[in-house]
Amino acid sequence: MPGRQPPTMSDFAIERAEQGDVDVLRLAGQLDAHSFPQLQEALEGLGVSNRARVVLDCESLEYISSAGLGVLKKMSREFREKEGDIRLASLTPKIKNVVDLLGFSQVIRVFPGSEEAVRSFTE
Amino acid sequence: MSQERLLTISNQSKNLSEVRQVVAEMLEPSTFDRKQTNEIILAVDEGLANVVEHAYQGGLGEIKLIFGLDDDSFRVHVRDNGILFEPSELRDAVDIHAHIKKGLKGGLGLFLMKRIMDDVYYTHDGPDYVNELVMVKKVPAVGGETS
């Protein structure tokens, strides 16, 4: 999996960084019904590599719809079966509002920043 | 204040961002605050994404959008000539949180539309479309708020 995917027509990009056995994916742009396959593909690639501990840093994420959150729900279930998880970090108020509207904060752990989210895997 | 905008797009998901931009531009001078505007954009995006994904069952088709904004409401009409979508399928997903906890798929977009907008319904009685999704949001009074 490349470290960075170029922005597409929908202006969505993923940048990956490894921190020990945790992968931090920095999401940028618009995660919608057009771009969600990019995230799904990236997460499935990590799953195949048995790297099931993932933090999604959303500081530069400008938009998310239910299509994007649906991927998180689906993949977090798969990763938990591998004793991993997907955790969210650095949500802007706009993104947090969508997460809250759908009640996802009850099923996906949310942290103020990436460092806290990465540390949470060892606590 | 009253304005209307018409837009015709193909049923391709790449067009969603353009429609979100149109809604943002229309609501910019309105009395909806930023949070309300972002939620309305989300609701429209969810409704349109459903039409894009399901109306033409994998084939190409046209979708007509009509946006209307006046002192009372913001209205969105999404018209397609795809397969008939029965209004009964617009169910209330009242227990969406249990739905999510169980890992069930689908229904999230409809839930958001109904949660955010004041009225969401389908019509099928137009001369030039099979389905029309209508979403309505009341405009907040100046200095006041709607639900």
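Chains as they are written, first to last, in numbering that gives the first Met the number 0: chain X, 0 to 122; chain F, 0 to 146.
Ideal Cβ positions, reconstructed from N, Cα and C, are used throughout, including at glycine.
Judged by DSSP in its simplified three-state form, arginine 108/X adopts coil rather than helix or strand. For histidine 76/F, the enclosing beta strand (DSSP E) starts and ends at 72-79. Under the Cβ distance rule, glutamine 37/X does not count among the residues neighbouring chain F, no pair being separated by less than 7 Å. In this structure, the CA atom of alanine 116/X is about 29 Å from the CA atom of arginine 33/F.
Lysine 93/X places its beta carbon less than 7 Å from that of asparagine 37/F.
Bounds of the alpha helix (DSSP H) holding serine 65/X are 65-80. Contact annotation, glycine 81/F with glycine 60/F: C-beta distance approximately 6 Å; criterion of less than 8 Å satisfied.
With a threshold of 16 other beta carbon atoms within 10 Å, methionine 0/F falls short and is exposed. For the stretch 45-61 of chain F, residues whose beta-carbon sits nearer than 8 Å to a beta-carbon of chain X comprise Glu45, Ala48, Val51 and Glu52.
Closest in alpha carbon position to leucine 47/F, among Leu132/F, Ala140/F, Gly106/F and Met25/F, is Leu132/F.
Take valine 51/F, set aside five residues on each side of it, and the residues of its chain with a beta-carbon closer than 8 Å to its own are Asn10, Gln11, Ser12, Asn14, Leu15 and Ile62, in chain order. When the alpha-carbon of aspartate 10/X is set against those of Leu6/F, Arg4/F, Glu17/F and Ile8/F, the nearest one is in Glu17/F.
At least 7 Å separates the CB of lysine 136/F from every CB of chain X. In chain order, Val98 place their CB closer than 6 Å to the CB of serine 104/X, counting only its own chain and leaving out the 5 sequence neighbours on each side. Valine 53/X is positioned such that its CB atom lies closer than 7 Å to that of isoleucine 85/X.
Taking the Cα positions, threonine 30/F is about 14 Å away from valine 22/F. Shown here for alanine 42/F: same chain residues with a beta carbon closer than 7 Å to its own, the five before and five after excluded, namely Leu111, Met112, Ile115, Met116 and Met134 in chain order. Taking a Cβ-Cβ threshold of 9 Å, none of the residues of chain X is close to leucine 64/F; the smallest such distance is about 16 Å. Using a Cβ-Cβ cut-off of 7 Å, serine 72/F does not count as an interface residue toward chain X, since no Cβ of chain X sits closer than that to its own.
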